[in-house]
Amino acid sequence: RYERTTTGATDGLWEYDVAEGRIWCSDQLKRMLGLTTRPDDAAGIDAGSFSLLIHPDDRQIEAAAMREHLSQGTPYNVKYRAKSASGEYRWFNSRGQATQKDDGSGLLMSGSLADINAAHTAQTRLDLATRAARIGLWDWDLETDSIIFNDTYGTMLGYDPGELNGHLDTWKQIVHPED
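Here it is in structure tokens:
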């Protein structure tokens, strides 16, 4: 069942042995990043070699997310660019969770890698278009009562980019009481 599931998934799977500094990669992940399959792949690849696939501008972001997860338990959910099988940099979302090894000898971190390049590109284009057209957008998540404001929405109202937080109370304060 597991084998069928991983074959049908579009995400790549990985497992990082923190003490050994080795990363095991599923066949799908290898295809995504253009890694070749070798007979000694059961041992995984060196974590340092894997990090070289990450765009130089994003390596510190990924490393900080990993450190925070391992030291503070912060969820490991990070977006970064990595060199794909075609040789181009694409956007990926990596998620994982650290657990103690069965024998108690150290930490294993298991997770997935999703290719989010199309969604990231679409979001970037939407952001550029709304800024150029001076279109302010907001979205209210009814389940969490959180609000997402784009920067243009805030600047149209005289706020600095990022100044409006995602709380419903903020939205209530800036909307006229009769509206």
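Mapping of the sequence shown onto the numbering used here: residues 103 to 281, in sequence order.
From the three backbone atoms N, C-alpha and C, an ideal C-beta is built for every residue, glycine too.
Proximity of residue i and residue j at Cβ, strictly below 7 Å
{"i": "Met134", "j": "Gly114", "result": "yes"}
{"i": "Leu215", "j": "Leu131", "result": "yes"}
{"i": "Lys185", "j": "Tyr178", "result": "no"}
{"i": "Glu65", "j": "Ser212", "result": "Outside the modelled stretch of the chain, which goes from 103 to 281, sits residue 65, for which no answer is possible."}
{"i": "Thr109", "j": "Ser128", "result": "no"}
{"i": "Arg233", "j": "Thr254", "result": "yes"}
Residues that residue i bridges to, as DSSP identifies them
{"i": "Ala121", "result": "DSSP, once it has assigned bridges, lists no residue as partnering Ala121."}
{"i": "Val180", "result": "Ser196"}
{"i": "Lys185", "result": "Tyr191"}
{"i": "His269", "result": "Ser248"}
{"i": "Asp148", "result": "Arg124"}
{"i": "Ile156", "result": "Ala184"}
{"i": "Gln225", "result": "Answer is none; Gln225 lacks a bridge partner."}
{"i": "Gln202", "result": "Leu209"}
Residue i - containing beta strand (DSSP E), residue span
{"i": "Asp243", "result": "240-243"}
{"i": "Asp217", "result": "209-217"}
Exposed unless 16 or more other CB atoms sit within 10 angstroms - verdict on residue i
{"i": "Val277", "result": "exposed"}
{"i": "Leu210", "result": "buried"}
{"i": "Gly260", "result": "exposed"}
{"i": "Trp242", "result": "exposed"}
{"i": "Tyr104", "result": "exposed"}
{"i": "Ser196", "result": "buried"}
{"i": "Gly136", "result": "exposed"}
{"i": "Leu239", "result": "exposed"}
{"i": "Leu266", "result": "buried"}
{"i": "Glu164", "result": "buried"}
{"i": "Ile237", "result": "exposed"}
Residue i: first and last residue of the uninterrupted alpha helix (DSSP H) it sits in
{"i": "Asp113", "result": "Premise fails: Asp113 is in no alpha helix (DSSP H) and is neither H nor E."}
{"i": "His171", "result": "161-174"}
{"i": "Arg133", "result": "129-135"}
{"i": "Tyr261", "result": "Per DSSP, Tyr261 belongs to no alpha helix (DSSP H) and is neither H nor E."}
Min CB distance residue i to chain D below 7 Å
{"i": "His222", "result": "Going by chain labels, chain D is absent from the structure shown, which holds only one protein chain."}
Pair every Cβ in the region 157-172 with every Cβ in the region 246-262, then say whether three or more of these pairs are closer than 8 Å. Not touching, per the Cβ criterion.
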